[in-house]
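Enquirer:
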Amino acid sequence: DAAEALRAALKPGEGIEVVLVRTKYPQGSEKQLIVALTGREVPMGGLPMDAGVVVQNAATCYAVHEAVALGRPLIRRVLTVTGGNVARPANLEARIG
Numbered sequence: 015d016a017a018e019a020l021r022a023a024l025k026p027g028e029g030i031e032v033v034l035v036r037t038k039y040p041q042g043s044e045k046q047l048i049v050a051l052t053g054r055e056v057p058m059g060g061l062p063m064d065a066g067v068v069v070q071n072a073a074t075c076y077a078v079h080e081a082v083a084l085g086r087p088l089i090r091r092v093l094t095v096t097g098g099n100v101a102r103p104a105n106l107e108a109r110i111g
């Protein structure tokens, strides 16, 4: 189970918690995740920091780790190509910059 593998990889005292959220649409946007995980509402026209929260997606967290811990610049991103006119939908790594 992915959640258990993540929990096992965490070191005590890191201040990181793995939380499962219900599979529900819509629930993936920043503000919806804040409500689901903290019960806090972001004020209308406000930012997550106005609710005392910072939200980062997995790709951003990975890029920060690569840059800070390993000194690697962000030169690639994973993007999804899909839709009715796409013969082979896929997640692709593409160079940026």
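Taking our numbering, the leading residue of the sequence shown gets 15, the next gets one more, and so forth. Heads up, the beta-carbon is just placed ideally off N, CA and C, and yes, glycines get one too. Computed from a prediction, not measured in an experiment: that's the story for all the values here.
Would I110 be called buried (16 or more neighbouring beta carbons within 10 Å of its own) or exposed?
Expert: Under this definition I110 is an exposed residue.
Enquirer: Got a sec? Which residues, its chain only, sit under 7 Å from D64 by beta carbon, not counting five neighbours each side?
Expert: Same-chain partners within the cutoff: V56, P57.
Enquirer: Less than 7 Å between C-beta atoms, sequence neighbours within five positions excluded: which residues of the same chain meet that for R21?
Expert: Result list for R21: V32, in chain order.
Enquirer: E80 and V92 - do their beta-carbons sit closer together than 7 Å?
Expert: Taking 7 Å as the Cβ cut-off, V92 and E80 do not qualify as a contacting pair.
Enquirer: Pull up the distance between the alpha-carbon of V68 and that of T74, whole angstroms please.
Expert: If I take the Cα positions, the gap works out to 12 Å.
Enquirer: Secondary structure at R54, three-state DSSP: helix, strand or coil?
Expert: Note: R54 maps to coil in three-state DSSP.
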